[in-house]
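Beneath this line is the structure, given in structure tokens, with notes to follow.
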Amino acid sequence: MTGHDTQCFPNLVIHDATPGTLRVSLKIEQSNINRVGTVHGGLISSLTDTLGSLAVATKGQYMTGVSTDLGTSFVRPAGQVGDVLHAKAVLTGMGKSLAYTRVDFTNPAGELVAYGYHTKYIGKSSLHHKNVKFSEDGKDVIEGEFNDVD
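Just so we're aligned, residue 153 is where the sequence shown starts under this note's numbering, counting upward by one.
Listed below in structure tokens is the structure:
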């Protein structure tokens, strides 16, 4: 991750990534909370954007397109400083022009605290020459050339 993502989510840990699915966690810091001491809704919204894009990337997209729609629903407080927020991002559909993702956020007890959706226009990026195709388990590149990124 670079730019905005590394600045906003320096503590983001990717635990697992397979084609279409991504599991992460983030330790909540003082900069992530609102004035009542719980996770700021903007953090959830921004994570929905980033994780939705990463879910598209798990399918081998070198560029993940541009956002066309993004939304979040907040179910309960997502935690306080020191807690760990967990998220699972899933690519729910991908066509020639649009990709659809859903991100579920849970607390350490496994309770749903929020969920988001992210729609991306991938029309031009779906044909990028650096796209790759992964094996079902995501461990091998079966088409294209993979260049690891930091």
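Ideal Cβ positions, reconstructed from N, Cα and C, are used throughout, including at glycine.
Would residue i pass as a contact of residue j if the rule is Cβ separation under 8 Å?
{"i": "R228", "j": "E263", "result": "yes"}
{"i": "G217", "j": "I166", "result": "no"}
{"i": "T244", "j": "T224", "result": "no"}
Taking the straight line between their C-alpha atoms, what separation do you get for residue i and residue j?
{"i": "L206", "j": "V233", "result": "25 Å"}
{"i": "L203", "j": "V255", "result": "7 Å"}
{"i": "K248", "j": "S177", "result": "31 Å"}
{"i": "T258", "j": "H238", "result": "5 Å"}
{"i": "K282", "j": "G296", "result": "7 Å"}
{"i": "F161", "j": "G189", "result": "18 Å"}
{"i": "S197", "j": "G155", "result": "17 Å"}
{"i": "D302", "j": "L279", "result": "With a pLDDT of only 46 at D302, under the threshold of 50, the placement of this residue in the model should not be trusted; the figure read from the coordinates follows. The alpha-carbon atoms of D302 and L279 are separated by roughly 23 Å."}
{"i": "S277", "j": "D289", "result": "23 Å"}
{"i": "A209", "j": "M215", "result": "7 Å"}
For a test of your reading of the model: does the CB of residue i fall under 7 Å from any non-hydrogen atom of the ligand GDP? Yes or no.
{"i": "L164", "result": "Among the components of this structure there are no ligands whatsoever, and the ligand GDP is therefore not found."}
I'd like the span of the beta strand (DSSP E) that includes residue i, first residue to last.
{"i": "S177", "result": "T173 to K179"}
Could you give the DSSP three-state label for residue i: helix, strand or coil?
{"i": "H167", "result": "strand"}
{"i": "V188", "result": "coil"}
{"i": "E295", "result": "strand"}
What residue range does the alpha helix (DSSP H) around residue i cover?
{"i": "Q182", "result": "It is not in any alpha helix (DSSP H) - Q182 carries neither H nor E in the DSSP assignment."}
{"i": "D157", "result": "H156 to C160"}
{"i": "G194", "result": "G193 to A209"}
- request: Just list the alpha helix (DSSP H) runs in the region 219 to 289, keeping only unbroken ones of 4 residues or longer that don't cross its boundaries, in chain order.
  value: none
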